[in-house]
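In the numbering used here, the protein residues as written are 134 to 424.
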Amino acid sequence: MKGLAFTTDWVGQPCVRWAEAVEATRSTHWRRYLLPNDEDDQGFMEETRELSVKGLRFMSLFFMVVPLLWFLGLTTVRLAWQSEIIAPGFSLPVLVLLGIGGWQLSRVDAVHRWARPLGIVLAQAAFIAILLDKFGLALNSGLAPTTLTAGLLPIWVLIAVAVLPLRPIQTLGLGLSLMGIYVFFLLASGAFIQPESHLLPSLMGEATVLLVAVAMSAVAYRMRASSYRGRRETQVALDSLAQTQSEFVIAKNATSQMRLAAALSHELNTPIAALSSSLNTMLLARDKWRT
């Protein structure tokens, strides 16, 4: 029995330690994947903040310009072909107002550190406004809500990933929040009760796109961090090269000055030696003449 217990301990304890190590590695891997710590670097954090402000401005400009172009396009088509086209609802002015508000906030220095969360909130508010418009239109026209909202959720997440330097966990949070809002609207409208709606495959497809967006966000974030580290290492190498060149120029100037001093010393010593030799010859000649 003692031998069996010894064998069990000898085999089991390493297996337990190996399983704990594997679990810790997996936990660390997922933590680094969803929550990268590259922004602990002050320079990278400032660069990400600048990109976040630019992304917030681009998103605000998108909300201001695209609805107006859409409205002008619908108006042109209606006037040209005299066709009955469903006019945009209240979501158009709401999007324009959200764009104006986001643009004005992006110009405030105190808001720059909150540009990414503000962009996420802006995307959520715009998504809610569009869903209210589309679901209201679907209820009034008798159409299925999924017909008017197909593909809206993944497009919104991909737009946010494209314009904002989101962390993977932020992309996942944005996608889950938008999906939760979408499911709430579906439940409120009774779309789940309709047998012909086929909501489950649609939601599974949008969840797949969400996972792809999270992976894209992780890759883009890691490439951005790698690019920053490469530029920083290049700048350090350039500074070191400039310092080396400066030291080389100083050493070269010192060598040239030493050569100049040696040449001047030689040129000064030559006539002095000639005069000294001539003076000694004259003194010897004088002494010999006297004797």
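From the three backbone atoms N, C-alpha and C, an ideal C-beta is built for every residue, glycine too. If you're wondering where the values come from, they're calculated on a predicted model, not measured in any experiment.
- Remark: three or more beta-carbon pairs, one from each stretch, lie closer than 8 angstroms, so the segment 180-196 and the segment 236-244 are flagged as touching.
- With fewer than 16 other Cβ atoms from the protein chains shown falling within 10 Å of its own Cβ, residue 317 counts as exposed.
- The count of Cβ pairs closer than 8 angstroms, one atom from the segment 177-192 and one from the segment 370-383, stays below three, leaving the stretches out of contact.
- For residue 173, the number of other beta carbons within 10 angstroms of its own is below 16, and it is reported as exposed.
- Residue 231 and residue 367 have their alpha carbons spaced roughly 41 angstroms apart.
- In the structure shown, the three-state DSSP call for residue 386 is helix.
- The beta carbons of residue 182 and residue 256 sit no closer together than 8 angstroms.
- Nearest to residue 200 by alpha-carbon distance, out of 227, 175 and 298, is 227.
- Residue 301 places its beta carbon 8 angstroms or farther from that of residue 357.
- For residue 242, the closest C-alpha among the options 185, 264, 305 and 413 is that of 185.
- Between residue 229 and residue 312, the alpha-carbon positions lie close to 23 angstroms from each other.
- Straight through space, the alpha carbons of residue 170 and residue 204 are spaced by roughly 43 angstroms.
- Take residue 223, set aside five residues on each side of it, and the residues of its chain with a beta-carbon closer than 7 angstroms to its own are 266, in chain order.
- Residue 268 and residue 314 do not touch by the CB rule: their CB atoms are close to 11 angstroms apart, not below 8 angstroms.
- Taking residue 168 as reference, the option from 240, 306, 253 and 264 with the minimal CA-CA separation is 306.
- Residue 382 counts as exposed, since fewer than 16 other C-beta atoms from the protein chains shown sit within 10 angstroms of its C-beta.
- Going by beta carbons, residue 253 and residue 293 fall inside the 8 angstroms limit.
- For residue 293, the enclosing alpha helix (DSSP H) stretches over residues 285-296.
- Cβ-Cβ distances below 8 angstroms link residue 354 to 169, 171, 298, 299, 300 and 301 in the same chain, with the five nearest sequence neighbours on each side left out; the list follows chain order.
- Looking at the backbone, the Cα of residue 393 and that of residue 387 are separated by about 10 angstroms.
- Between residue 287 and residue 225, the C-beta gap is not smaller than 8 angstroms, which leaves the two residues out of contact.
- With a minimum length of 3 residues, there is no unbroken run of beta strand (DSSP E) contained wholly in the segment 293-378.
- Straight-line spacing of the CA atoms in residue 177 and residue 273 works out to 50 angstroms.
- By the 16-neighbour rule on beta-carbons within 10 angstroms, residue 289 is buried.
- Between the C-alpha atoms of residue 365 and residue 175 there is a straight-line separation of about 12 angstroms.
- DSSP places residue 246 in the helix class (H, G or I) of the three-state scheme.
- Spatial neighbours of residue 180 in its own chain (CB-CB distance under 7 angstroms, excluding positions within 5 residues in sequence) are listed in chain order as 361.
- Residue state for residue 201 is assigned as helix, using DSSP reduced to three classes.
- Each of 347, 309, 264 and 285 was checked against the Cα of residue 321, and the nearest Cα belongs to 264.
- Burial state of residue 333 is exposed, judged by a 10 Å Cβ sphere holding fewer than 16 other Cβ atoms.
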